[in-house]
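Numbering of the sequence shown is given in numbering that gives the first Met the number 0, commencing with residue 0 and proceeding in unit increments.
Even glycine gets a Cβ: it sits at the ideal position worked out from N, Cα and C.
All figures in this text were calculated on a predicted structure; none of them were measured in a lab.
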Amino acid sequence: MAIYSIKDLEKLSGIKAHTIRIWEQRYGIINPQRTPTNIRYYEDEDLKFLLNIALLNKNGIKISKIAKMGRDEIGEKVAAISEINFEYGTQLDALTISMIEMDEYKFDRIISTNIDQIGFERTMLEVIHPFLDKLGVLWLTGSINPVQENFISYLIRQKLIVAIDKEPLFINSPKPKFMIYLPEGERQELSILFMHYLLKTRGFQVLYIGQDMTLF
0 MAIYSIKDLE KLSGIKAHTI RIWEQRYGII NPQRTPTNIR YYEDEDLKFL
50 LNIALLNKNG IKISKIAKMG RDEIGEKVAA ISEINFEYGT QLDALTISMI
100 EMDEYKFDRI ISTNIDQIGF ERTMLEVIHP FLDKLGVLWL TGSINPVQEN
150 FISYLIRQKL IVAIDKEPLF INSPKPKFMI YLPEGERQEL SILFMHYLLK
200 TRGFQVLYIG QDMTLF
């Protein structure tokens with residue numbers, strides 16, 4: 000079980016700490032635990048619930064109305080908004096929720112819907128890459144743990160591999176052939192897999208030889 004400060008909640012949800020405190024006091028949205036020295040902290044369920052509330056609030060639903068909803072109703076509305084609102088912030092919030100909850104189905108539904116609407120390349124550039132930038136900030140500030148980061152990286156990697164595999168091979172292409180790899184010490188391959196996809200969609204032959212490679 001992870002433990003979060005109110006500043007962690009602010010970073011992850013985009014809701015100011017002062018606002019979170021007001022919501023707690025006025026609506027009883029979440030109730031922080033306290034250490035023996037009276038320092039407030041939050042648990043996984045608090046974070047998940049706040050992320051859902053934040054997404055609804057950012058999409059125009061007043062906090063007073065949200066406070067009257069049950070958790071199931073909140074979850075249903077979040078799912079519905081994630082599938083119809085392709086605004087940048089909403090998609091990042093929805094993906095953050097799927098990462099924190101480690102919900103593969105929710106992640107897949109969000110990404111698949113984007114791919115259907117705008118295609119794989121734009122989904123990578125406009126949705127997944129900004130999300131990975133946010134993920135990097137959250138990782139550096141200690142707001143997420145290695146399990147969550149590895150979980151979401153694995154799912155994105157699978158999407159890339161499937162997309163690459165769907166593209167035809169250009170065996171007799173007159174275009175240059177590319178050999179791509181990650182040098183020694185480098186193992187994060189999402190960007191180079193996306194490069195592989197981009198080259199392949201443009202008719203180039205690509206030889207991908209892996210990560211952490213020493214060639215000379």
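Legend entry - Backbone secondary structure at residue 42 - three-state DSSP: Here residue 42 corresponds to residue number 43 of the sequence shown, with the count starting at 1. Of the three classes helix, strand and coil, the one that applies to residue 42 here is strand, per DSSP.
Inset, instruction - Can you check the stretch 17-92 for any beta strand (DSSP E) of at least 3 residues that lies completely inside it and give the ranges in chain order? - result: 39-42
Inset, instruction - Using 10 angstroms around the beta-carbon of residue 161, count the other beta-carbons present and answer buried if the total reaches 16, otherwise exposed. - result: What you label residue 161 is simply residue 162 of the sequence shown in a count that begins at 1. Burial call: exposed.
Legend entry - residue 180 - containing alpha helix (DSSP H), residue span: Translated into the one-based positions of the sequence shown, residue 180 becomes position 181. Careful: residue 180 lies outside any alpha helix (DSSP H) and carries neither H nor E.
Inset, instruction - Using DSSP bridges, identify the partner residues of residue 206. - result: Residue 206 sits at position 207 when you count from the first residue of the sequence shown. DSSP lists 178 as partners of residue 206.
Inset, instruction - Could you please give me the residues that DSSP links to residue 212 through a beta bridge? - result: Position 213 of the sequence shown holds residue 212. Partner(s): 182.
Legend entry - Element boundaries [alpha helix (DSSP H), containing residue 156]: Against the sequence shown, residue 156 aligns to sequence position 157. Note, residue 156: alpha helix (DSSP H), 145-165.
Inset, instruction - Measuring alpha carbon to alpha carbon, tell me which of 37, 2, 49 and 30 ends up nearest residue 15. - result: Looking up residue 15 in the sequence shown gives position 16. Residue 15 has its Cα closest to that of 49, out of 37, 2, 49 and 30.
Legend entry - Identity of the residues DSSP links to residue 3 by a beta bridge: The count along the sequence shown starts at 1 and reaches residue 3 at position 4. BP columns for residue 3 point to 41.
Inset, instruction - For residue 166, collect the residues of the same chain with a Cβ closer than 8 angstroms to its Cβ; drop the 5 residues on either side in sequence, then sort them by chain order. - result: The count along the sequence shown starts at 1 and reaches residue 166 at position 167. Excluding sequence neighbours, residue 166 sits near 196, 199 and 200.
Legend entry - Inter-stretch contact at 8 angstroms, needing at least 3 Cβ pairs: the stretch 140-149 / the stretch 91-108: yes
Inset, instruction - With a 10 Å radius around its C-beta and 16 neighbouring C-beta atoms as the bar for buried, classify residue 136 as buried or exposed. - result: Taking the sequence shown and counting its residues from 1, the one referred to as residue 136 is at position 137. Flag for residue 136 reads exposed.
Legend entry - Under the three-state DSSP convention, the category residue 191 falls into: For the purposes of this step, residue 191 is identified with residue 192 of the sequence shown, where counting begins at 1. Looking at residue 191 - three-state DSSP - the assignment turns out to be helix.
Inset, instruction - Using only alpha-carbon positions, find the residue among 9, 170, 90 and 119 that is nearest to residue 40. - result: Taking the sequence shown and counting its residues from 1, one reaches residue 40 at position 41. With distances taken between Cα atoms, residue 40 lies closest to 9.
Legend entry - Close Cβ partners of residue 12 (< 7 angstroms) along its chain, the five nearest in sequence each way excluded: The residue given as residue 12 occupies position 13 in the sequence shown. For residue 12, where only same-chain residues beyond five positions count, the Cβ hits under 7 angstroms are 49, 50 and 53.
Inset, instruction - Would you check if there are 3 or more beta carbon pairs closer than 8 angstroms linking the stretch 117-130 to the stretch 89-99? - result: yes
Legend entry - Cβ-based burial, residue 90 [other Cβ within 10 Å; buried from 16]: Here residue 90 corresponds to residue number 91 of the sequence shown, with the count starting at 1. With 16 or more Cβ atoms within 10 Å of its Cβ, residue 90 is classed as buried.
Legend entry - Sequence-distant residues of the same chain with beta carbon closer than 8 angstroms to residue 152, five excluded per side: What you label residue 152 is simply residue 153 of the sequence shown in a count that begins at 1. Here the set comprises 187 and 189.
Inset, instruction - Would you check if the distance between the CB atom of residue 142 and the CB atom of residue 7 is smaller than 8 angstroms? - result: By one-based count along the sequence shown, residue 142 stands at place 143. By one-based count along the sequence shown, residue 7 stands at place 8. For residue 142 and residue 7, yes; Cβs fall inside 8 angstroms.
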